[in-house]
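Each remark here refers to the structure printed beneath this line.
Residue numbers (my numbering): 10 to 75.
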């Protein structure tokens, strides 16, 4: 119930779990298709800006959560 009550601790816990879940999802795709192919696809010119924004926002959310 700590995530539902809206307290600061619940919000921090949710943000940390959100970031960890996204990192696990990235690691899963790295495992399935390989790190080199994953990085090539993530930083393809048509996806480069969104990938950089996504990764930087994950870092910012994690920093704010802690």
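A virtual CB, placed ideally from N, CA and C, is assigned to each residue, including glycine.
Roughly how many whole angstroms lie between the Cα atoms of residue i and residue j?
i          : j          : result
residue 57 : residue 20 : 30 Å
residue 35 : residue 15 : 28 Å
residue 38 : residue 61 : 17 Å
residue 48 : residue 18 : 34 Å
residue 53 : residue 41 : 18 Å
residue 23 : residue 45 : 31 Å
Given a cut-off of 8 Å, decide if residue j and residue i are closer than it, judged by their beta-carbon atoms.
i          : j          : result
residue 28 : residue 73 : no
residue 31 : residue 75 : no
Which residues in the same chain as residue i place their Cβ atom closer than 8 Å to its Cβ, once the five residues preceding and following it in sequence are excluded?
i          : result
residue 43 : none
Tell me which residues share the same chain as residue i and place their Cβ nearer than 7 Å to its Cβ, disregarding the 5 neighbours each side in the sequence.
i          : result
residue 51 : 60
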